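Numbering (this note's numbering), first residue to last: 801 to 1148.
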Amino acid sequence: MRKFASFAVSVILASSISVSAFALDKTVPFIDIANNSWYYSYISDVYKKGIISGTSENIFEPDVTLTRGMAASLIYRMYGSPDIKYSKYFSDVADGEWYTDGITWAKDNGIISGYDDGTFSPDWAMTVEQFASVLYRLAGEPEIGNSNALSKYSDNFMVSSYAKQAMIWASEKGMLAGDTLHPTSAITRAEAAKMLSIFTETYDYKAIKNMGEISSYIKENYDSTFDMTDYSYSSDSDGSIYLAYMVGEYKSTFGYRAVMSGDKLMRVEMIGKMNPYFLSSDIKEPEYISDDELFKIALESYDTECSVYEKNITRYFNMSTLKFVFDVEITYVDDNGAYFTNLFRYEI
């Protein structure tokens, strides 16, 4: 269950900047962003989404270090800049500063924490592995594919143990490039823009940009301890945003439906119920069962000579029964061309 000096050769740096490409007829207002630079499309994307802005009206400063205060503010904007109430969580974060709302919201939602001495240090640099860890946490800490994915980087040994999964995930998503990682070096504004752009393209951005407000609604009306990183979320064709509580890699039957009118939140409805025994139970994911194994079990359970036309598997966690469920739906076609479907359910 899901209970986190700029460097010379950056892992995210894809190519050098051509100084002849600074043009005014482009989609971003920054005069220091070359049209043919490796980061132009990423900065343009997150700028148009309202996630990132310049350090002044027409200056972006792509090579400037991203600070912890900046990072919190970017994440806050990505999630729609919901209304927040200031709380003095940190001795060095006063009310009314440009980074205050972002840091307060990040703390409220367990996204970026402070230090043991009660400070947040908003002006300290955010490192590559720290920023990757933040985004990985926001993605719900999904299972990674190749545990050796970092071996291709010559400095993979420098990755902190806490950040290894996050850095593998970031590499798999295309957020990292080059031959080296520089995981403990400061991340630049351009590099952060790339990671945020890929994040919002990989995951459902409509859901992301409304999750801040949805989270606030749920905390106020349903669950004051709500943690959005415990849920997967996606928008549907009807405009609604669905949140499913995750049990490991399995969506559960408990969650919420956010009813939207465009980008305006109308209300949030609870789907199913949280089983009170779940929180005190030691629920463990079962050993992985492949699709082929499940199809074989399903086919053997249903005696027919008809041909298989289509098959589908749905894996989820039933919050009511506290069981992992595998629904195998197989559509057959008989000799007369008629189709019929059989559902096989396997529970653990």
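Glycine included, each C-beta is placed from N, C-alpha and C at the ideal position. None of the values given here were measured: they were computed from a predicted structure.
Query raised in the report: Mind checking D825: buried by the 16 CB within 10 Å criterion, or exposed?
Result: In this prediction, D825 scores a pLDDT of 42, lower than 50, which makes its location untrustworthy; the coordinate-derived value is nonetheless stated afterwards. Exposed is the call here.
Query - Continuous beta strand (DSSP E) stretch holding D1127: start and end - result: Where D1127 is concerned, the enclosing beta strand (DSSP E) stretches over K1123 to V1133.
Query raised in the report: Three-state secondary structure (DSSP) at L996?
Result: Of the three classes helix, strand and coil, the one that applies to L996 here is helix, per DSSP.
Query raised in the report: With a Cβ-Cβ cutoff of 8 Å, do F1144 and I1089 count as a contact?
Result: Contact: no.
Query raised in the report: So, are the CB atoms of S951 and T919 less than 8 Å apart?
Result: One thing to note: S951 has its Cβ no nearer than 8 Å to the Cβ of T919.
Query raised in the report: Among all the DSSP beta bridges, which residues are the ones paired with L1112?
Result: According to the sequence as given, residue 1112 is Asn; it is not Leu. The partner list for N1112 (beta bridge, DSSP) reads E1129.
Query raised in the report: In whole angstroms, what separates the C-alpha of A906 from that of G880?
Result: Taken atom to atom, the span from the alpha-carbon of A906 to that of G880 is near 13 Å.
Report task. Can you tell me which of the three DSSP states M1218 falls into? Result -> Residue 1218 cannot be examined here, being either before or after the span of the chain that is shown, 801 to 1148.
Query raised in the report: Hey, out of F999, K1006 and E1100, whose CA is closest to Y1204's CA?
Result: Within the shown structure, residues of the chain are numbered from 801 to 1148, placing residue 1204 beyond reach of any answer.
Query - Per DSSP, cross-strand counterpart(s) of L981 - result: Answer is none; L981 lacks a bridge partner.
Requested in this report: Would you identify the three-state DSSP class for Y1017, choosing helix, strand or coil?
Outcome: Collapsing the DSSP output to three states places Y1017 in a helix.
Query raised in the report: P882: which of K888, N909 and D1036 sits nearest, CA to CA?
Result: Nearest C-alpha to P882: N909.
**Report entry** Among I1041, S1080 and A990, nearest to M1070 - alpha-carbon criterion
**Finding:** The option with the nearest alpha carbon to M1070 is I1041.
Query raised in the report: Under 8 Å, do G1039 and T1053 count as touching if we go by C-beta distance?
Result: Not in contact: G1039 and T1053 (Cβ atoms no closer than 8 Å).
Query raised in the report: Does the beta carbon of Y1088 fall short of 7 Å from some heavy atom of the ligand FAD?
Result: For the ligand FAD, the structure offers nothing, since it holds no ligand at all.
Query raised in the report: Which residues bound the alpha helix (DSSP H) around Y842?
Result: Unbroken alpha helix (DSSP H) run through Y842: Y840 to K848.
Query raised in the report: What is the DSSP secondary structure of G918, reduced to helix, strand or coil?
Result: In this structure, DSSP gives G918 a state outside helix and strand, which the three-state scheme calls coil.
Query raised in the report: Taking buried to mean at least 16 other C-beta atoms within 10 Å of its own C-beta, is M975 buried or exposed?
Result: Result: buried.
Query raised in the report: Applying the criterion that 16 or more other CB atoms from any shown protein chain within 10 Å of the CB defines a buried residue, is W838 buried or exposed?
Result: W838 is buried by the Cβ-count criterion.
Requested in this report: Could you please give me the residues that DSSP links to L1142 through a beta bridge?
Outcome: Reading off the sequence, residue 1142 comes out as Asn, not Leu. In the DSSP secondary-structure assignment, N1142 is bridged to I1130.
Report task. My understanding is that R989 touches V864, with C-beta atoms under 8 Å, so please give their C-beta distance in whole angstroms. Result -> Contact check for R989 and V864: beta-carbon distance about 5 Å, within the 8 Å limit, so the pair qualifies.
Query - Nearest-angstrom Cβ-Cβ length linking M1074 and M1119, presumed shorter than 8 Å - result: Sure, about 7 Å apart at Cβ, within 8 Å.
Requested in this report: Write down the C-beta distance between A871 and V934 rounded to the nearest angstrom, noting that I regard them as a contact closer than 8 Å.
Outcome: Their Cβ separation, rounded to whole angstroms, is 7 Å, which keeps A871 and V934 in contact under 8 Å.
Query - Enclosing beta strand (DSSP E) for V1047 [first to last residue] - result: I1041 to V1047 is the extent of the beta strand (DSSP E) around V1047.
**Report entry** Straight-line Cα distance separating S1080 from E1129
**Finding:** Approximately 33 Å, taken between the alpha carbons.
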